[in-house]
Structure formats: C-alpha cells, structure tokens
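> Each residue of the first sequence is one higher than the last, beginning at 896 in our numbering.
Glycine included, each C-beta is placed from N, C-alpha and C at the ideal position.
Quick caveat, the model's predicted, so the values are computed rather than measured.
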Amino acid sequence: MTVVTRFAPSPTGYLHIGGARTALFSYLYAKRHGGKFLLRIEDTDRERSTQEAVDAIFEGMAWLNLKSDFAEIYQTQRFDRYREVVQQMLAAGTAYHCYASKEELDAMRAEQMARKEKPRYDGRWRPEPGKTLPPVPAGVQPVVRFRNPGEGQVVIRDLIKGEIVFDNKELDDLIIARADGVPTYNFCVVVDDWDMGITHVIRGDDHVNNTPRQINILKALGATPPAYAHVSMILGADGAKLSKRHGALSVTEYRAMGFMPEALLNYLVRLGWSHGDQELFTREEMIAKFDFDHVSASPARFDMEKAWWVNHQYLKITDPAIIAPEFDWHLRRIGVDPANGPDLKAVIEQQRERCRSLVEMAEKSKFFYAELDGYDDKDAAKHLTPDGAAVLDELATALEALPEWTAAALHTAVNGYAESKELGLGKVAQPIRVAVVGMAISPPIDQTLFLLGRQRTLARLKAAVSYVRNKS
RNA sequence: GCUCCUAUCGUCUAGAGGCCUAGGACGGAGCCCUCUCAAGGCUUAAACCCCGGUUCGAAUCCGGGUAGGAGCGCCA
C-alpha cells in the first residue's frame, strides 16, 4: 500500500506556523515511506474563504519548498461528488433531513447548557422505527444529518496519542449538508480522504473530537478508515495560544524576520519530534529519520531564541550560493541595491558567523552597498578623535599606495602600520571601522576593506578625517 | 458543565522497569581566546506535578488527584 498524506488547510487566513508543522510532518511521513503528499484547499466555507488566503498558503508552502505531488485540489470543485454521496446516504438511510431552524437549535443548546449538559443535537428529526416525526414545516429547506450509531464505541488508534475510545452515545447527528446544499467540513473531509486514497490523516489535535464521527461516516459508506496522527498544538512563549504578540504567525512573517526556510523547518521538526540528541537535520535526514514513535503528544512552546540559534547554524553551514537569493531579497527590502557592491556570496561568507538572521545580515552589510548615513554617536565619539584622525590620515596614504587590493595585502598594511607606530591593533582597526562602516562592528578589518573596495575605503577614510577636523 | 487529550531543567527534548548520583540542545552564569561584533573552547546552576498501588526495583506500568489544553456550529 502506497502511503498518501495530505495537508488540508482552509483558506481563511495565512499559513501559520502550526499548519506549517503539520504540513511538514505529512510531507516527511509520505516521503519517508516513498509515498505521495497532496495539498487540498478546504474552502467549503464560502463566507470566510478568500483568494488572498489561498495565495498566501501557496506562497508559504513554496517558500518552505513543501511540494505537493499532485495539482492542488479545491473542495468547491467537488460539490457534485459530495451531493452524490449525500444522496446515496439518504437512500441508504444513514442520513436524514432535519427541518429544525437555527433559532430552534440555539434554544435547544441554551437549555442544555442551563441544565449543565453537553450541548448536542437531540435527534428530533431522526427517524426511528415506530417514531412519529414532527410535521414538515412549509417553505423550510432542510439540512442533511448523518445518522450516527446510537450504541457501541469508536476506537481510534492514533499514531501519536495511542488508543482513544469514544462512546457513540457522546456523538450527536452532525450536519453533513447545509440547507443551501453546500456540504460541511466533516463530510467533505471524509469523502475526499476516501476518494483520494489517503492512508494517513495527519492534522492538528483540535480535530480528535471530530475523528470518531468521521470514522462512523466512513463506516456507513463502507470505507476503511485511514490511520490517524493528531499533532499537538504549538503554544506561544507564555504557554498561551500562539498570537501576534508572540511574533509567531504566518510563515511569510518568519521570512520577513530573516529566517532561512530550511532552518525554520528544522526548528519546527524538533518541536514535538526527536531523534535522540540530534538537533540539526538536513532535509534528507529528516525524511530518512522521521517517524511518529518519537512525536510527543504534549503541546510545545515556540522558543524564538532556539529558533534563532537553529537559523544561525544554517547560515553558518549552508552554501552561500543558496543563501544569496534570500539575502538579496532582504537587502532590496531595506532599499539596498545588491548590484551596487561586492558579491553577495563573499559578504555572506564574512557575515554569517555574526548574524542570526538575514535581516541582521542585511542591516550589517548595508554599508557595502550604500553610502553611510552618518556615524554612530558613541562609536564616533570614542574612535573618531584627533588621534584617530591622525591614524586614518596616514593610513589612507599608505593604502592608496598599495599595489594590490587584497585581504592579505590589507592585513599586512594595517598590522604593519600598527606595529610601526607601536599601537595596539585596536587603536587602528576601530577608527577604521567607524570611518568605513559607520560603527564599531564589522567583519575582520582586512576582509571588510577588501570587500568594500579601494575607492570606497579611501573616500570614507578621508571623509572621516575631515569630519574630525571640522568638528574641532 | 460534559467528552477527549496532556504532564522530565525557564524552553525544546532523551528516557519504552534496573545502563539515571536523569543525558543533550537553546537560553543563563563564569573563565579562556580576541582588532570590534561574533564564533569557538572549557566550567557551572537548573527538572522526573502530587498521592497511592504493582514490583526485589519505577521518570518509566496502574489508579486517583491537581494543573493545563482541545472540542461541544447550517466554522474548518
């Protein structure tokens, strides 16, 4: 049997981080077993589904490089099939019409709550042998309800949570088709998973309570239920549900914050899943090692600090050529033209050790591509002094005379100058930094000057000298 | 309220009855290295929710508490 998994988001918002993790788990499980992974858009709620949300989901999945093995499926394009199955169930007696109005049902629930009972449909329109149904009200379009078994139990053998048992008594007759004929979620899911040969349903654990009903519908249809794996939710840093305040929302925003897609995925896979003490995985390793035996059943908190650490690890070990396009995106985002300076790969090579995010890298690398917009006040006060200016002035002359503008030549020149003046390297390198970078933070000074280039370096050294002189 | 789920350092987790004086990672603290910022190296503090039971032996199995969470829609 070929494993087929699916990710089935509803397009009512962006692709959030929890959804991304379920998508990842589904993807990994399918790949691990040489199976297929598909993306299905659950857009039967026409009120709330939007095209923007569909686009956002595709964008997120594409950025994460979680590719579907089939064309995307939209539930709204399968209405004929759902209607057909509804008719089939109506004919078989496993579903029935219910004419109760929304108001009536609301009143019923309110009463039940008042009596401290679990609110549930009381079966007033459910046909039973020997039971007389109420008279059909005129002009009312009925909904269709599934006739859930009244007795027995449903056992879910969940791959993550183990055996979960529900009494059929707890389950009421859910609506499978609305009054306007549009089928509902619990029904569409069942028909789709069945039709598409889904073998493993991997989804958020907010769906556990739906599962027994879905299994019952499947059984009524004569289908074999798939295996289930209910993944626990991701909590915010304070243990509460993830929200905007925790900075954990759409995957697109993680991109904007400066994450590499593979790094985000790596962080996410470790949130709930483990493979001994291993923290870092390539995509191939994730595929080779992922399994549900080691997925935790308890909810996990999103820890930004650790996520940044993982991102940093990726920045340090990934081929600069792979980082470059993403880095490029960030530079443009802050209004920097990457063409107007050194090769991105070389800059990445120098900056990767000192940046946890690409946003940070872009900001710290801006000076390579754009003119300085002033000096950091504190750094300037400390290093752009008359003494510093003297150093810069002499150094400018020395560097101007360099036959070759290489990191090695610059290293020798700067170090040689410091030695000849019996100055500590810090006394020389720091003023240069501030002059050339605008602040006292940068990669090693020889590399910095090399990448910045002769023209810009000399111009900035001189500008710093005049800055100091004009000030005094 | 009812049903279901969960419970190891601050956080993510290892742990499938003896290998646990509970391991790793992030974060924290300290030291070393150092042209800045980093990176790196070393050291260190820090946890089995509680109570019973099973067993020669329990973080691990069972029961009960407690605490969190999810669901109870003509939402998905």
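Tell me, which residues are paired with Gly1057 by DSSP?
Counting from 1 along the first sequence, the entry for residue 1057 is found at position 162. For Gly1057, which the question treats as bridged, DSSP gives the partners Asp1053.
> Assuming the contact rule is C-beta atoms closer than 8 Å, Leu1000 and Phe1041 should be a hit. Round their C-beta distance to whole Å, please.
The sequence position of residue 1000 within the first sequence is 105, counting from 1. The sequence position of residue 1041 within the first sequence is 146, counting from 1. The beta carbons of Leu1000 and Phe1041 sit about 16 Å from each other, so the pair does not count as a contact at 8 Å.
> With three or more beta-carbon pairs closer than 8 Å as the criterion, would you say the region 962 to 974 touches the region 918 to 937?
yes
> Considering only heavy atoms of the ligand GDP, does any lie closer than 7 Å to the CB of Ser1337?
Ligands displayed in this structure: none; no statement on the ligand GDP is therefore possible.
> Would DSSP call Lys1026 helix, strand or coil?
On the first sequence, position 131 is the one that residue 1026 refers to. Residue state, collapsed to three classes: coil.
> Evaluate contact between the region 1080 to 1092 and the region 1011 to 1022, counting only Cβ atoms and requiring at least three cross-stretch pairs below 8 Å.
They do not touch, by the three-pair rule.
> Please report the distance separating the alpha-carbon of Pro1339 from that of Leu1320.
To locate residue 1339, count along the first sequence from 1; it is residue 444. To locate residue 1320, count along the first sequence from 1; it is residue 425. For Pro1339 and Leu1320, the distance between alpha carbons rounds to 11 Å.
> What whole-angstrom Cβ distance do Glu1221 and Leu1267 have, given they're in contact under 8 Å?
Working through the first sequence from its first residue, we reach residue 1221 at position 326. Working through the first sequence from its first residue, we reach residue 1267 at position 372. Actually they are not in contact, since the Cβ atoms of Glu1221 and Leu1267 sit about 25 Å apart, beyond 8 Å.
> Considering only DSSP beta bridges, list what Tyr969 is partnered with.
Here the question's residue 969 lines up with position 74 in the first sequence. DSSP links Tyr969 through a beta bridge to Ile936.
> Given that a residue counts as buried once 16 or more other Cβ atoms are within 10 Å of its Cβ, and exposed if not, what is Ala1257?
Taking the first residue of the first sequence as position 1, residue 1257 is located at position 362. Counting Cβ neighbours within 10 Å, Ala1257 comes out buried, since at least 16 surround it.
> From Ser996 to Leu1144, what distance separates their C-alpha atoms?
Residue numbering aside, residue 996 sits at position 101 when the first sequence is read from its first letter. Residue numbering aside, residue 1144 sits at position 249 when the first sequence is read from its first letter. Ser996 and Leu1144: Cα-Cα distance of roughly 37 Å.
> Is Thr1292 buried or exposed, if buried means 16 or more other CB atoms sit within 10 Å of its CB?
Translated into positions along the first sequence, residue 1292 becomes position 397. Result: exposed.
> Can you find the residues in the same chain that come closer than 7 Å, C-beta to C-beta, to Gln1208, ignoring five residues on each side of it along the sequence?
Locating residue 1208 in the first sequence gives position 313, counting from the first residue. Around Gln1208: Leu1175.
> Where do the N-terminal and C-terminal ends of the beta strand (DSSP E) with His1207 fall, by residue?
Residue 1207 sits at position 312 when you count from the first residue of the first sequence. From DSSP, His1207 is part of no beta strand (DSSP E) but of the alpha helix (DSSP H) over 1199 to 1212.
> How would you write the range of the beta strand (DSSP E) that Thr900 sits in, first residue to last?
Position 5 of the first sequence, counting from 1, holds the residue named residue 900. Thr900 -> beta strand (DSSP E) spans 899 to 902.
> Taking the Cβ atom as the reference point for each residue, do Thr900 and His1125 lie within a distance shorter than 8 Å?
The residue you call residue 900 lines up with position 5 of the first sequence. The residue you call residue 1125 lines up with position 230 of the first sequence. For Thr900 and His1125, no; Cβs fall outside 8 Å.
> Can you tell me the Cα-Cα spacing of Gly1269 and Ser905, whole angstroms?
Stepping through the first sequence from its first residue, residue 1269 is reached at position 374. Stepping through the first sequence from its first residue, residue 905 is reached at position 10. Approximately 49 Å, taken between the alpha carbons.
> Quick check on Leu1113: does DSSP put it in helix, strand or coil?
As a working mapping, residue 1113 is identified with position 218 in the first sequence. Correct three-state label for Leu1113: helix.
> Where Ala915 and Gln970 are concerned, what is the direct C-alpha to C-alpha distance, given to the nearest angstrom?
Walking along the first sequence from the start, residue 915 turns up at place 20. Walking along the first sequence from the start, residue 970 turns up at place 75. Going from the Cα of Ala915 to the Cα of Gln970 covers about 20 Å.
> Identify which residue in Gly1236, Lys1277, Val1205 has its Cα closest to the Cα of Arg1247.
Indexing the first sequence from 1 puts residue 1247 at position 352. A check of alpha carbon separations from Arg1247 across Gly1236, Lys1277, Val1205 identifies Val1205 as the nearest.
> Can you give me the Cβ contacts of Tyr922 inside the same chain, cut-off strictly under 7 Å, excluding the 5 residues immediately before and after it?
For the purposes of this step, residue 922 is taken as the residue at position 27 of the first sequence. The answer, listed in chain order, is Phe932, Leu961.
> For a quick check, are the C-beta atoms of Thr907 and Asp950 less than 8 Å apart?
Position 12 of the first sequence, counting from 1, holds the residue named residue 907. Position 55 of the first sequence, counting from 1, holds the residue named residue 950. In this structure, Asp950 does not lie closer than 8 Å to Thr907 by Cβ.
> Would you identify the three-state DSSP class for Arg1249, choosing helix, strand or coil?
Counting from one through the first sequence, the residue named residue 1249 turns up at place 354. In this structure, Arg1249 counts as helix in the three-state DSSP scheme.
> Could you pull the start and end residues of the alpha helix (DSSP H) that Ile1218 belongs to?
Translated into the one-based positions of the first sequence, residue 1218 becomes position 323. Looking at the DSSP string, the run of the alpha helix (DSSP H) that includes Ile1218 is 1215 to 1228.
> Out of curiosity, what's the CA-to-CA distance linking Asp1272 and Pro1237?
Position 377 of the first sequence holds residue 1272. Position 342 of the first sequence holds residue 1237. Each residue's Cα considered, the two are about 27 Å apart.
> What's the C-alpha gap between Val1060 and Val1049?
In the first sequence, the residue the question calls residue 1060 occupies position 165. In the first sequence, the residue the question calls residue 1049 occupies position 154. Cα to Cα, Val1060 sits roughly 6 Å from Val1049.
> If I follow the unbroken beta strand (DSSP E) through Arg1096, where does it start and stop?
For the purposes of this step, residue 1096 is taken as the residue at position 201 of the first sequence. The displayed chain sequence assigns Val, not Arg, to residue 1096. Val1096 -> beta strand (DSSP E) spans 1095 to 1099.
> Can you list the alpha helix (DSSP H) stretches of 4 or more residues lying completely in the region 952 to 999, in chain order?
974 to 987
> State the Cα-Cα distance for the pair Leu1305 and Leu1346, rounded to the nearest angstrom.
Residue numbering aside, residue 1305 sits at position 410 when the first sequence is read from its first letter. Residue numbering aside, residue 1346 sits at position 451 when the first sequence is read from its first letter. Distance between the alpha carbons of Leu1305 and Leu1346: 11 Å.
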